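Residue numbers (full-length UniProt numbering), protein chains in the order written: chain A, 1 to 156; chain B, 1 to 706. For glycine and all other residues, C-beta sits at the position ideal for the given N, C-alpha and C. Note that the structure is predicted; figures quoted are calculated from it, not measured.
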Amino acid sequence: MNQDTRLSLTVNGEEREIEIDPRATLVDALRDRVGLTGTKKGCDRGECGACTVLVDGRRVLSCLTLAVTVGGAEITTIEGLAGEDGEPHPVQRAFLESDAFQCGFCTPGQVLSAVGCIAEGHAGSPDEIREWMSGNLCRCAAYPQIVAAVSKAAVR
Amino acid sequence: MTTEGLVRPDGPAKLTGAARYAADVPAESALAAALVSATVPNGRLAELDAAEARDCPGVAAVLTRADLPTLAELPSPPLGYPALPLQAEEIHYEGEPIAIVLAETLEQAQYAASRVRATYTGVREPIAFGEAEDVVPHSGHVLGGTDEEKGDAGAGLAEAHVTVTATYTTADRHHSPIEPSATLAWWEGEQLVLHSSVQSVAVAQQTMAALFSLPPEHVRVVCPFTGGGFGAKGYVWPHLPLAAAAAKVSGRPVRLVMTRAQMFTLSGHQPATRQTVSLGATRDGRLTALRHDSVNASGRAVDYLENTTHSSTWLYASPAIETRMRVQRVDRPGPTPMRAPHEGPGMFALESAMDELAYELGIDPVELRLRNEPDVDPMTGLPFSSRRLVECLREGAERFGWAERSPEPRSMREGNDLVGWGVAAATMDTFRAPSSAKVRIGADGRIVVETGMQEIGTGLPAMVQAVVAETLGCDPGDVEVRHGDSGFPPHAGTMGSMSAMGLGSAVQAAAREVLAKLDGRQGQPLAGLLAESGLTELEAEGRWSPEEDALAAGRSARYSMHTYGAIFAEVRVDADFGVVRLSRAVTRYAAGRILNPLAAHSQLTGGFAWGYGQALLEHSDVDPVLGRFVSKNLAGYLLPANADLPDLDAAFVEDDDRFANPLGAKGIGELGAVGVAAAIANAVFHATGRRVRNLPIRLATVLSEP
Ligand code: FES
Ligand code: FES
Chain A
1 MNQDTRLSLT
11 VNGEEREIEI
21 DPRATLVDAL
31 RDRVGLTGTK
41 KGCDRGECGA
51 CTVLVDGRRV
61 LSCLTLAVTV
71 GGAEITTIEG
81 LAGEDGEPHP
91 VQRAFLESDA
101 FQCGFCTPGQ
111 VLSAVGCIAE
121 GHAGSPDEIR
131 EWMSGNLCRC
141 AAYPQIVAAV
151 SKAAVR
Chain B
1 MTTEGLVRPD
11 GPAKLTGAAR
21 YAADVPAESA
31 LAAALVSATV
41 PNGRLAELDA
51 AEARDCPGVA
61 AVLTRADLPT
71 LAELPSPPLG
81 YPALPLQAEE
91 IHYEGEPIAI
101 VLAETLEQAQ
111 YAASRVRATY
121 TGVREPIAFG
131 EAEDVVPHSG
141 HVLGGTDEEK
151 GDAGAGLAEA
161 HVTVTATYTT
171 ADRHHSPIEP
181 SATLAWWEGE
191 QLVLHSSVQS
201 VAVAQQTMAA
211 LFSLPPEHVR
221 VVCPFTGGGF
231 GAKGYVWPHL
241 PLAAAAAKVS
251 GRPVRLVMTR
261 AQMFTLSGHQ
271 PATRQTVSLG
281 ATRDGRLTAL
291 RHDSVNASGR
301 AVDYLENTTH
311 SSTWLYASPA
321 IETRMRVQRV
331 DRPGPTPMRA
341 PHEGPGMFAL
351 ESAMDELAYE
361 LGIDPVELRL
371 RNEPDVDPMT
381 GLPFSSRRLV
391 ECLREGAERF
401 GWAERSPEPR
411 SMREGNDLVG
421 WGVAAATMDT
431 FRAPSSAKVR
441 IGADGRIVVE
451 TGMQEIGTGL
461 PAMVQAVVAE
471 TLGCDPGDVE
481 VRHGDSGFPP
491 HAGTMGSMSA
501 MGLGSAVQAA
511 AREVLAKLDG
521 RQGQPLAGLL
531 AESGLTELEA
541 EGRWSPEEDA
551 LAAGRSARYS
561 MHTYGAIFAE
571 VRVDADFGVV
581 RLSRAVTRYA
591 AGRILNPLAA
601 HSQLTGGFAW
611 GYGQALLEHS
621 DVDPVLGRFV
631 SKNLAGYLLP
641 ANADLPDLDA
651 AFVEDDDRFA
661 NPLGAKGIGE
671 LGAVGVAAAI
681 ANAVFHATGR
691 RVRNLPIRLA
701 TVLSEP
């Protein structure tokens, strides 16, 4: 079980060729092979949402995704969210202004989940946001501030 | 002050993925480590068969006890659990590491770890909490006395017009920071370098030096960011020594990241407590006696004490107070402080009992608390350094609309919802510890502050900016804060709600010294002052520690020094199904001067969520046959999620405590988690007439006959 395979991944618009263990999950591939450690691993079993990334624009738990299954897809991580000029994404800006994070460990997942939540049209009211952001646990419980930030970003 | 609305300077790094946590630090040629853990709660390791694992692809080594150096023996604290793994054949708790697999990749290490076979001997049926003897704890976890007494509680209860006595329990709970603990370790000759997820680089440095018999300056611990700790990363847990030992033996850097399951056994938990409170009162609601007995679960080799009864000695005026705390040594991993320790479980019992007493007397529960407000510390007779509980209760009640409450249980029904309003007081002890910081001013007027503190979510970098800005009269944005390296001036640790006091005071001292050296006044442009003095750079180190006669953990010997709060909660209980929903809450706190309002508010709402979890969700059950925690994951162990939390109106009342420290600040990290569970349980009683004395509040209890 040590037959590494070659895989080409498109991460944040950049195509990368990596050698990968077929057992590797997307979160480990991103962190250990691509060197993008912004994507966090909180539980490794789909329970916390810390590893959330966008795959073809949809939010996905990268710890429950085998890297080899997303070869053809566009993957967006927290490192690729800012504009080309380095201008922060509206969600990043709203998180900063609303103090929507504390320790910051769940934050990359929250931010990407918020981008997904808004794109899905699930950010219409605080209650809707609370519900559709509940897959991302925050033990610091920055929840009220996260709701405020998502509301703010949704109207921008 | 220029700090209103100050955003976190660590924000951009955290929001772009640039902030490096321990597991993120790159290291060429690092080996990935995976732990093999004991599957039994006691007994001895008979045989370990690692042959198959050693043959797995990519495996560099499988380390067992024979391969590891013998480490010095240390107590808990500073160790999380005093018996370190792989130092003896004895198994101290289920989940104790018995081997370390090192491989080129994580996948290889994890797979090989699953191929290690262990057999055990002498395994006996585990002893559970409730089955062991109550013993007087002997350890550094005991704060003050285990037994305190004033007056004659027996006589006070006998004289009382009304008494209540009840037993309350709180559950085993796990910290569950979203970042699992991690250590990357390597050796440079006799020098040990550790990137580790900790709440104190200073404690980690000193402890690791002692374990490996090194001078402290030979150990460097780096941790700028900690992905939450809540107590789980305060003391030194096995990942630190195991990663360091594995790196020493293998001669390569070793990265050891805990799995979520390992976080349930190798980083502590808040142990279950059983507490009995007796209150006696006159008909007009004055306490005549208060008795509070408590016992908590601890491990076989560690006496971890939840100091649950302390707040009962200072919260209410009573001529007689008697408190007693014991532990039971049972089969389980080691407990450790968890947000909020001590008062967290303790105030559930006291504040539930106060509510019961209010009903017995027919007095409003807010009014009952006001009637028992003491002038001096009831146990010690010491003056209060500052105490604004009355203001918290009055302001909170006003804001909540408490006056509209109809006192009868089940009297505020709305449709199918039984509506209940509950109140509880909150209080937390004031622990203080030394801290130090360096302030440096460059020719361009930029200010750099260096401190060993790690940013763990409490907003300390912004607090440091605020203090420097206030002292020097500069813009907070001119201050760069560097943190989380044992090479920087030491900070005791981001734990025990101590950091704002210690670090803030140290930073203030350093900034003042800089100003004095420049002969400057607050608000003068620093670059100009520097140039006038013919300097290109100037630095000063500031230190702060509690006064010399302070007690253990920096508690004051001269004042009764605590923080206070009041929690008002509204629940809606489904009349048919017993489902409890928290619909709104108002909280008011008095915690000294608030240095950074934005982050302080987030601390309080975060703390509230911890109280919510304690009240309605969190419990880790121990399997009575296997002696292990049943659900070592976040699907079985429920944490509050976004949709759980109601509209929360949290705020501070004016307070300032110059006896605590020169800044007048006090700790707020844990206070927010206190009293919430009692307020919710009291609201559930008001809604349903069902008194819930066991946490978490379960549907079955709510539905059962009172
Ligand atoms: S790490 Fe993927 S959901 Fe927790
Ligand atoms: S910010 Fe700490 S877990 Fe969310």
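Problem set entry | Minimum C-alpha distance to B:G542 - residue among B:R300, B:P241 and B:A437 | B:A437
Exercise. Does ligand 1 have a heavy atom nearer than 7 Å to the CB of A:C106?
Worked result: A:C106 Cβ: outside cutoff for every heavy atom of ligand 1.
Exercise. Among all the DSSP beta bridges, which residues are the ones paired with A:E128?
Worked result: DSSP, once it has assigned bridges, lists no residue as partnering A:E128.
Exercise. Using the beta-carbon of each residue, which ones in chain A are nearer than 8 Å to B:V7?
Worked result: L96, E97 and D99
Exercise. Does the beta carbon of A:I146 come closer than 8 Å to any beta carbon on chain B?
Worked result: yes
For this session: Could I get the ranges of all uninterrupted beta strand (DSSP E) runs contained in the UniProt domain "2Fe-2S ferredoxin-type" (5-81) of chain A, with 3 residues as the minimum, in chain order?
Result: 5-11, 14-20, 52-55, 58-61 and 74-76
Exercise. What residues from chain B crowd round A:A123, counting only those whose CB sits closer than 9 Å?
Worked result: Within chain B, no residue comes near A:A123; the closest Cβ sits about 12 Å away, beyond 9 Å.
Problem set entry | Assumed close pair B:G145, B:E104 - CB separation to whole angstroms, cut-off 8 Å | The C-beta distance from B:G145 to B:E104 rounds to 54 Å, too long to meet the 8 Å contact threshold.
Problem set entry | chain B contact residues for residue 225 of chain A, given Cβ-Cβ distances below 7 Å | This structure cannot settle anything about residue 225 of chain A, because the visible part of chain A is limited to 1 through 156.
Exercise. Beta carbon of B:E179: closer than 7 Å to some heavy atom of ligand 1?
Worked result: no
For this session: Could you tell me whether the Cβ atoms of B:H195 and B:M338 are closer together than 8 Å?
Result: no
Exercise. Is B:M208 helix, strand or coil when you go by DSSP?
Worked result: Helix at B:M208.
Exercise. Do you know whose CA, among B:I697, B:V257 and B:I363, lies nearest B:R618's CA?
Worked result: The amino acid occupying residue 618 of chain B in the given sequence is Glu; Arg does not appear at that position. It is B:I697 whose Cα lies nearest to the Cα of B:E618.
Problem set entry | Run of the alpha helix (DSSP H) containing B:Y359, from where it starts to where it stops | E343 to L361
Problem set entry | Candidates B:M258, B:Y359 and B:D644: closest to A:C138 by CA position | For the residues B:M258, B:Y359 and B:D644, the minimum Cα distance to A:C138 belongs to B:D644.
For this session: Could you tell me if the beta carbon of B:G457 falls within a distance shorter than 7 Å of some heavy atom in ligand 2?
Result: yes
Problem set entry | Beta carbon shell of ligand 1 at less than 6 Å from a heavy atom | A:K41, A:G42, A:C43, A:D44, A:G46, A:E47, A:C48, A:G49, A:A50, A:C51, A:L61 and A:C63
For this session: Would you identify the three-state DSSP class for B:V36, choosing helix, strand or coil?
Result: strand
For this session: Return yes when the C-beta of B:G442 is under 7 Å from any heavy atom of ligand 2, and no when it is not.
Result: no
For this session: Using a Cβ-Cβ cut-off of 8 Å, state whether A:D85 counts as contacting chain B.
Result: For A:D85, the answer is no, since every Cβ of chain B falls outside 8 Å of its Cβ.
Problem set entry | Cβ neighbour criterion (16 or more within 10 Å) applied to B:E125 | exposed
Exercise. Whose C-alpha, out of B:A569, B:S76, B:A50 and B:D331, is nearest the C-alpha of B:T64?
Worked result: Nearest C-alpha to B:T64: B:A50.
Exercise. Where DSSP assigns a beta bridge to B:G280, which residues make up the other side?
Worked result: B:T163 and B:A289
Exercise. Between B:A439 and the rest of its own chain, which residues show a CB-CB distance below 6 Å, the 5 nearest in sequence each way excluded?
Worked result: As written in the sequence, residue 439 of chain B is Val, which differs from the Ala given in the question. For B:V439, where only same-chain residues beyond five positions count, the Cβ hits under 6 Å are V449, A510, A511, V514 and A540.
For this session: Just the chain A side, please: which residues come within less than 7 Å of B:V14 by C-beta, in chain order?
Result: Per the sequence presented here, residue 14 of chain B reads as Lys, with Val not at that position. Within chain A, the residues near B:K14 are F101, G104 and T107.
Exercise. Does any heavy atom of ligand 2 sit closer than 7 Å to the C-beta of A:R139?
Worked result: yes
For this session: Please check the pair B:P333 and B:V257, which I expect to be a contact at CB under 8 Å, by giving their CB distance rounded to whole angstroms.
Result: No, B:P333 and B:V257 are not in contact; Cβ-Cβ is about 19 Å, not under 8 Å.
Exercise. Is B:D293 buried or exposed, if buried means 16 or more other CB atoms sit within 10 Å of its CB?
Worked result: Classification for B:D293: buried.
Problem set entry | chain A contacts from the stretch 17-48 of chain B (Cβ-Cβ distance under 9 Å) | Listed by position, the residues of the stretch 17-48 of chain B near chain A (Cβ gap below 9 Å) are G17, A18, A19, R20, Y21, A23, D24, V25, P26 and A32.
For this session: Compare the C-alpha of B:I100 against each of B:L31, B:K150, B:S139 and B:G592 and name the closest.
Result: B:L31
Exercise. Taking Cβ positions only, does B:I178 come closer than 8 Å to chain D?
Worked result: Protein chains A and B are contained in the structure displayed, whereas chain D is not.
Problem set entry | Option nearest B:A320 by Cα separation, candidates B:E159, B:G592, B:P69 and B:Y235 | B:E159
Exercise. How far does the alpha helix (DSSP H) with B:G607 in it reach, from first residue to last?
Worked result: Residue range P597 to L616 is occupied by the alpha helix (DSSP H) that includes B:G607.
Problem set entry | Minimum Cβ-Cβ distance from A:I75 to chain B less than 8 Å | no
Exercise. In chain B, what lies closer than 9 Å to A:E14 by C-beta?
Worked result: In chain order: nothing, as chain B lies at least about 15 Å away.
Exercise. CB of B:F400 to nearest heavy atom of ligand 2: below 7 Å?
Worked result: No, the Cβ of B:F400 stays beyond 7 Å of every heavy atom of ligand 2.
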